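Protein chains in written order, with the numbering used here: chain A, 1 to 185; chain B, 1001 to 1066.
A virtual CB, placed ideally from N, CA and C, is assigned to each residue, including glycine.
Since we're looking at a predicted model, the values are computed, not measured.
Reading through the structure tokens given below for one structure.
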């Protein structure tokens, strides 16, 4: 047999399916429900899957279609089970200049679903632009523009845009300024 | 005097900023991608929940009974 059984392959792909589900729902319980629904749908449709084609893209497509059709069905409840909505960004970037993961997550949650999925597929799951476009049922250019807008929005939310960088707030700048002042004092 | 130095420092920093705005943009992008990977892997590295393993077990059993 030249191709592995897609049922076995599915099991190997579960961790990344869960991670993708989490990036869409942002709530662990909802993510697990979504993965379960995806597994059930995939299992009953394996006869439609063409062996040798991209199983990962096929599964991710089922997952996102399930997510968006659920979202359409119910007006999104404003639930805050995991405290996602109450989390606030810090006023300033982390002192070491690196992004604090917590702040990043808060900013990431503020993106649109479409921006989050495009960023996660290409930026974290290793999908090519073409694979991401296939998975999301849109043009490659659409994926690229969602990624660019998502990155720009993240940079803005994390105070990483150029104007913010001009502010005299980062440690290196403060060190230069205070050294200058001390020298002339 | 302090003010003059302060303005001079600000001007130098501003010029540095302008000259290096392209690498800065790449650095920002790199940081964003690193964090995207971190949040993705945080979930991807977790063990599969029991409920999901049990569901798969059931599905496989059904399959073999067919």
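Residues that residue i contacts on chain B, provided the C-beta gap is smaller than 7 Å
i	result
residue 56 of chain A	Here the premise fails: no neighbours, minimum Cβ distance about 13 Å.
residue 125 of chain A	1040
residue 16 of chain A	1044
residue 160 of chain A	1028
Classification of residue i by the beta-carbon crowding that lies within 10 angstroms, buried from 16 upward
i	result
residue 193 of chain A	As displayed, chain A neither begins before 1 nor continues past 185, which places residue 193 of chain A out of reach and without an answer.
residue 128 of chain A	exposed
residue 131 of chain A	buried
residue 31 of chain A	buried
residue 135 of chain A	buried
residue 51 of chain A	exposed
residue 117 of chain A	buried
Neighbouring residues, chain A, relative to residue i (Cβ below 7 Å)
i	result
residue 1072 of chain B	Given a span of 1001 to 1066 for chain B in the structure shown, any question on residue 1072 of chain B remains unanswerable.
8 Å contact criterion, which residue i and residue j should meet: CB distance rounded
i	j	result
residue 25 of chain A	residue 62 of chain A	Contact doesn't hold; Cβ gap of about 15 Å is too wide.
residue 35 of chain A	residue 1052 of chain B	6 Å
residue 17 of chain A	residue 59 of chain A	6 Å
Simplified DSSP assignment, three categories, for residue i
i	result
residue 1048 of chain B	coil
residue 5 of chain A	coil
residue 141 of chain A	helix
residue 1035 of chain B	helix
residue 100 of chain A	coil
residue 44 of chain A	helix
residue 125 of chain A	coil
residue 49 of chain A	coil
residue 83 of chain A	Low per-residue confidence applies at residue 83 of chain A: pLDDT is 46, beneath 50, and the placement is therefore not dependable enough to give any value.
residue 38 of chain A	helix
residue 157 of chain A	helix
residue 112 of chain A	coil
residue 54 of chain A	coil
residue 26 of chain A	coil
residue 165 of chain A	Low per-residue confidence applies at residue 165 of chain A: pLDDT is 46, beneath 50, and the placement is therefore not dependable enough to give any value.
Neighbour list for residue i in chain A, Cβ cutoff strictly below 8 Å
i	result
residue 1064 of chain B	Per Cβ cutoff of 8 Å: no residues; residue 1064 of chain B is ~11 Å from chain A at best.
residue 1037 of chain B	123, 124
The ligand ZN heavy atom lying under 8 Å from the CB of residue i
i	result
residue 1057 of chain B	For the structure depicted, the ligand ZN is absent and the ligand set is empty, with no information on it obtainable.
Within chain B, the residues that residue i reaches when beta carbons sit closer than 8 Å
i	result
residue 50 of chain A	In chain order: nothing, as chain B lies at least about 19 Å away.
residue 60 of chain A	Correct list: empty, because the minimum Cβ distance to chain B is about 13 Å.
Partner residues on chain B for residue i, Cβ-Cβ distance less than 9 Å
i	result
residue 19 of chain A	1039, 1040, 1041, 1042, 1043, 1044, 1045, 1046
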